[in-house]
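Visitor:
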Amino acid sequence: MTRIRAAVIGAGGIAGAHLRAYATHSERCEIVGIADIDEGAAKSRADEFGGRAFTDGLSLIDQLQPDAISICTPPKFRIPFVEAAAARGIAVLCEKPPARTLAETQAIVDAMSGQLLQFAFCHRFHAPLNAAQALIRGGTLGAVVQIENRFAFRFARAGNSWFTDADIAGGGILIDTLVHSIDIFRALTGQEIERTQAALSSTLPIEVEDSASLLLRSSGGALGTLNCSWVTPIAESFVRIHCTEGQALIDYNAGAGLRYRLADDAEWSELEIDSPDRFARQAAHFLDCVEGKRSPLVSGKDGLAVMRVIEAAYESAGVQR
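Under our numbering, the first residue of the sequence shown carries the number 90, and numbering increases by one thereafter.
(1) How about residue 93 and residue 157: do their beta carbons lie closer than 8 angstroms?
(2) Quick one: residues in its chain with C-beta nearer than 7 angstroms to the C-beta of residue 224, no 5 flanking neighbours on either side, listed in chain order?
(3) So, with DSSP's three-state summary, where would you put residue 325?
(4) In the structure shown, what three-state DSSP assignment does residue 253 receive?
(5) Could you tell me the boundaries of the beta strand (DSSP E) in which residue 380 lies?
(6) Does the Cβ of residue 155 have 16 or more other Cβ atoms within 10 Å, making it buried, or fewer, making it exposed?
(7) Could you check what DSSP says for residue 372 in three-state terms: helix, strand or coil?
(8) When the distance is taken between beta carbons, is residue 263 closer than 8 angstroms to residue 301?
(9) Among the candidates 382, 166, 203 and 127, whose CA atom is the shortest distance from the CA of residue 179?
(10) For residue 219, report the span of its alpha helix (DSSP H) as first-last.
(11) With the cut-off set at 8 angstroms, would you say residue 312 and residue 306 are in Cβ contact?
(12) Is residue 387 near residue 195, with beta carbons less than 8 angstroms apart?
(13) Give the straight-line distance between the Cα atoms of residue 109 and residue 129, rounded to the nearest whole angstrom.
(14) Quick one: using the 10 Å Cβ neighbour count with 16 as the cut-off for buried, is residue 324 buried or exposed?
(15) Just list the beta strand (DSSP E) runs in the region 132-203, keeping only unbroken ones of 3 residues or longer that don't cross its boundaries, in chain order.
(16) Flag this pair as touching only if the region 278-298 and the region 252-263 have three or more C-beta atom pairs under 8 angstroms; answer yes or no.
(17) Looking only at C-alpha atoms, which of 182, 219 and 171 sits nearest to residue 199?
(18) Return the Cβ separation of residue 125 and residue 99 in integer angstroms, given the expectation that the two are a contact with Cβ distance under 8 angstroms.
(19) In the DSSP assignment, find the beta strand (DSSP E) that holds residue 358 and state where it starts and stops.
(20) Taking the alpha-carbon positions, what's the residue 255 to residue 357 distance?
(21) Whose C-alpha, out of 310, 328 and 308, is nearest the C-alpha of residue 317?
(22) Provide the residue span of the beta strand (DSSP E) that contains residue 285, from first to last.
(23) Candidates 295, 333, 281 and 344: which alpha carbon is nearest residue 398's?
(24) Taking the CB atoms as reference points, tell me whether residue 345 and residue 258 lie closer together than 8 angstroms.
(25) Hey, how far is the Cα of residue 111 from the Cα of residue 352?
(26) Please go through the same chain and pick out, in chain order, the residues whose beta-carbon is closer than 6 angstroms to the beta-carbon of residue 183, but skip the five residues on each side of it.
(27) Identify whether residue 278 lies in helix, strand or coil by the three-state DSSP scheme.
(28) Compare the beta carbon distance of residue 101 and residue 121 with 8 angstroms and say whether it is the shorter of the two.
(29) Can you check whether the CB of residue 394 is closer than 8 angstroms to the CB of residue 423?
(30) Using the Cα positions of residue 167 and residue 188, report the straight-line distance between them to the nearest angstrom.
(31) Whole angstroms is fine: what's the gap from residue 405's alpha carbon to residue 245's?
(32) Using three-state DSSP, classify residue 117 as helix, strand or coil.
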């Protein structure tokens, strides 16, 4: 069976995650090209994972015309690569956030109309989260009442990175990190978000927010409190789900499992989950979509839904964009 010819535009940290994920599926796909404006970075990735190195993603698309590409550039630079891929019928896995604004996200979705577009909200493929979804959908935990989420760590490069350049990134930690939290909330509740209230702050001398909190209400009445920070020294990554019949906890720092406790349980139950990491599972799903076996779990519709909440959050916090 012919392998899928995959390429990656961008050679930074998240591009490395995509490349490693594709490499775990080498029986299904071949990495044919890697592009980055940093020639050394592109060559280093190509030496490690194979394929040709380019300093221009448009040249890669034009010369190689791969079957699929991961777009892992900063948000500001994605639209031309999406448009070039769309013109050639190339499937696209686009990193988060989808773009800097809702309007730019709409432009990406419009460009890929009728073609395969998946947004890389990788937590959709985190096995403990999928296990929690199964407990909710199967009725074990009852209806979702509240969801608590925190993603926080000390970001050492915050003052010297494109992540804190509003023109390139579109904002700060709200758009960079809480996009995941919003998508997680939507995935667990199975509902759209109808109310959004945000509070932002900056402790560091940077032009964007380095800490953010969101209060959400879904169309079905579930509430979410989502928090993230680049300045708190104790790293925390967890999702706590409060339901009418029990509670579940996903602690990313405590291993690969899921803990849950029902109303009449004296002790917590542990689900140990042995599966590939979320990036490998995300890549496998994308390759399934390229082969026509599935439809994208995280589609253009999902990207737009998350970005509507991001726009509403910045507006509620009084940020002009």
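By construction, the Cβ of each residue, glycine as well, lies at the ideal position given by its N, Cα and C atoms.
Guide: Quick answer:
(1) In this structure, residue 157 lies closer than 8 angstroms to residue 93 by Cβ.
(2) Result list for residue 224: 230, 337 and 349, in chain order.
(3) The DSSP-derived three-state label of residue 325 is strand.
(4) Look at residue 253 here: in three-state DSSP terms it is helix.
(5) Note, residue 380: premise wrong, no beta strand (DSSP E); not H, not E.
(6) Burial call: buried.
(7) Residue 372 sits in a helix when the DSSP states are folded into three classes.
(8) Taking a C-beta distance under 8 angstroms as the contact criterion, residue 301 and residue 263 qualify as a contact pair.
(9) In this structure, 203 is the residue among 382, 166, 203 and 127 with its C-alpha nearest to the C-alpha of residue 179.
(10) For residue 219, the enclosing alpha helix (DSSP H) begins and ends at 216-226.
(11) Between residue 312 and residue 306, the gap from beta carbon to beta carbon is short of 8 angstroms.
(12) If you check the CB distance, residue 387 and residue 195 do not come in under 8 angstroms.
(13) Computed Cα separation, rounded: 18 angstroms.
(14) Looking at its Cβ environment, which holds fewer than 16 other Cβ atoms inside 10 Å, residue 324 is exposed.
(15) Counting whole runs of 3 or more residues, the region 132-203 contains the beta strand (DSSP E) stretches 141-143, 157-160 and 180-184.
(16) Yes, since at least three Cβ pairs between the region 278-298 and the region 252-263 fall closer than 8 angstroms, the two stretches touch.
(17) That would be 171, whose Cα lies nearest to the Cα of residue 199.
(18) Confirmed, Cβ separation roughly 6 angstroms.
(19) Its beta strand (DSSP E) spans residues 358-360.
(20) Distance between the alpha carbons of residue 255 and residue 357: 43 angstroms.
(21) Minimum Cα-Cα distance from residue 317 among the listed residues 310, 328 and 308 corresponds to 328.
(22) Taken as a continuous stretch (DSSP letters only), the beta strand (DSSP E) holding residue 285 covers 282-290.
(23) For the options 295, 333, 281 and 344, the alpha carbon positioned closest to that of residue 398 is the one of 281.
(24) Contact: no.
(25) If you take the alpha carbons of residue 111 and residue 352, they lie about 42 angstroms apart.
(26) Hits under 6 angstroms: 160 and 208.
(27) Correct three-state label for residue 278: helix.
(28) No, these two residues do not count as a Cβ contact at 8 angstroms.
(29) The structure shown does not extend to residue 423, since the chain is modelled only from 90 through 410, so no value can be given for it.
(30) Roughly 7 angstroms between the two C-alpha positions.
(31) Per the coordinates, the alpha-carbon of residue 405 lies some 28 angstroms from the alpha-carbon of residue 245.
(32) It is coil, neither helix nor strand.
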